[in-house]
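Student: Here it is, the structure in full.
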Amino acid sequence: MAKTMKAAVVEKPGALAIREVPVPEIADDEVLIKIKYTGICGTDWSIYTGKYSADKLPLIPGHEFSGVVVQAGGRARGLKEGDRVTADINMSCGTCFYCRQGQKLMCRDFHQLGIHVNGTYAQYAKAPYENVHKLPENLDFLTGAFVEPVSCVIHSSKAAKVTHGSSVVILGAGLGVLHGALARYRGAAPVIVIAHNPKKLAIAREMGADITISLNEIEDPVAEVRRLTDGRGADFVVEAVGKPETYEQALEMVRPGGTVVAFGICGGDDTIKVSPFDLVLGEKTIVGSCAGVGTDWPDAIALLAHGRIKPQALFSMVVPLEELEAALKQLRTDPNLTKVFVSSEISKREILSK
Ligand SMILES: [Zn+2]
Ligand SMILES: [Zn+2]
């Protein structure tokens, strides 16, 4: 076993370097994983720019991944060398008030792989065995690296409790297209996705949206949603953009008695205008949804393995680890890029879909 490995390290905000670093040493209850692919996520940009986890630098980011177990600790039950895996990135203490409530994501000692501790933009990474999930044979490594975002959307879908025949509006067509797919499986009708990018709206339709609204073609999305819902507003609105103005729109376009699902991540200091009058008299509900955790992971794996969710249209390209920084920047400027994966096993870019 090699003692050192190649890794992408964010050393300080805006400074990312490819370094030779020690291979992580595992404890008894951990496994060492040889990383196949890591998907680039908006959170990685926030870490790179110092908006997020700046106090944790230097850090190897990367949390949407697949790989193969190369070493299992003595207490890592049910896992062995050669297992194809991904891992729930959420780690908690297990004994605090929130952990006892089953609300692991609220744990006072909450930390996530690749966000608060070293992650998977490297040749190897370690994870607690209890967090590791095996990938079924028919789930390829690329799709395996997409389990994490799907688990987040499943978590949000469970929180929303969308009912049959209810109208669901999704603001945003990044992970919004997955929200559309899941809303359809929960029996929603119509499923409406609102975004700017025509290519992403086409993918949203392919993945289950009944109606897509292009923000390039209409003035007022709130009025458009009311028009499509007999003037009431939608039963459910999912904010999957992460901007204060779209949160305000979500609260305006949900019908009285309806539910807004808070999914998109804004800045820590961002605030929105809410009408308490409208909340009270309209009996509107807002539910937050932070990450995929626990059973959301096997659920995501099952939906992907059985082709209920076919995310391949979202897969843009794979870049070598050395091009991570360039790809992070390219994702900010090229609106047609959707999911970009990183691999330490290739030396030049592989284009997956245009
Ligand atoms: Zn992510
Ligand atoms: Zn805890």
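So the sequence shown is numbered by my numbering: it starts at 958 and just counts up by one.
Each residue gets a CB set at the ideal place from its N, CA and C atoms; glycine is no exception.
1. Enumerate, from N- to C-terminal direction, the unbroken beta strand (DSSP E) stretches of 3 or more residues contained entirely within the region 1212-1289.
2. When you compare the CB of T1252 with every CB in chain D, is at least one pair closer than 8 Å?
3. Determine, using beta carbons only, whether V980 and T961 come nearer to each other than 8 Å.
4. Please list the terminal residues of the continuous beta strand (DSSP E) segment that includes K1296.
5. Could you check whether the region 1144-1151 touches the region 1160-1171, counting it as contact only if at least three pairs of C-beta atoms, one from each stretch, sit closer than 8 Å?
6. Expressed to the nearest angstrom, what Euclidean distance is found between the alpha-carbon atoms of A1161 and N1047?
7. Any heavy atom of ligand 2 inside 7 Å of the beta-carbon of G1051?
8. Indicate, with yes or no, if ligand 1 has a heavy atom lying under 7 Å from the CB of E1307.
9. With 16 other CB atoms within 10 Å as the buried threshold, where does Q1060 fall?
10. Can you name the start and end residues of the beta strand (DSSP E) that A1044 belongs to?
11. V989 by DSSP, collapsed to three states: which one?
12. Name the DSSP bridge partner or partners of I1308?
13. Between the region 1234-1248 and the region 1081-1095, do at least 3 Cβ pairs fall closer than 8 Å?
14. T1077: beta carbon under 7 Å from a heavy atom of ligand 1?
15. Does any heavy atom of ligand 2 sit closer than 7 Å to the C-beta of D1045?
16. Give every residue of the same chain whose Cβ lies closer than 8 Å to the Cβ of P1277, excluding the five residues on either side of it in the sequence, and list them in chain order.
17. May I ask you to check if the CB of C1247 is nearer than 7 Å to at least one heavy atom of ligand 2?
18. Might you give, ordered along the chain, the residues of its own chain that have their beta carbon closer than 7 Å to the beta carbon of K969, omitting 5 neighbours on each side?
19. Give the list of continuous beta strand (DSSP E) stretches no shorter than 3 residues that lie fully inside the region 1100-1164.
20. Check F1067 in the structure and name its three-state DSSP category.
21. Measuring alpha carbon to alpha carbon, tell me which of C1050, A1284, N1173, E987 ends up nearest E1031.
22. Label D1226 either buried or exposed according to how many other C-beta atoms from any shown protein chain fall within 10 Å of its C-beta, with 16 as the threshold for buried.
23. Would you call the CB atoms of I1258 and L1096 closer than 8 Å?
24. Under DSSP, the beta strand (DSSP E) around T1077 begins and ends at which residues?
Tutor: Reading off the structure:
1. 1242-1245, 1272-1277
2. Among the chains in the structure shown there is no chain D, since it carries only a single protein chain.
3. Yes.
4. 1296-1300
5. yes
6. Taking C-alpha positions only, A1161 is separated from N1047 by approximately 28 Å.
7. G1051 Cβ: within cutoff of ligand 2.
8. no
9. With fewer than 16 Cβ atoms within 10 Å of its Cβ, Q1060 is classed as exposed.
10. 1041-1044
11. Residue identity differs from the one stated: residue 989 is Leu in this sequence, not Val. L989 falls in the strand class under three-state DSSP.
12. M1274
13. no
14. no
15. no
16. V1299, S1300, S1301, I1303, S1304, K1305, R1306
17. no
18. L1014
19. 1125-1128, 1148-1152
20. coil
21. The sequence given here places Gly at residue 1031; Glu does not occur at that position. With distances taken between Cα atoms, G1031 lies closest to E987.
22. exposed
23. Yes. Within cutoff.
24. Unbroken run through T1077: none, as it is neither H nor E.
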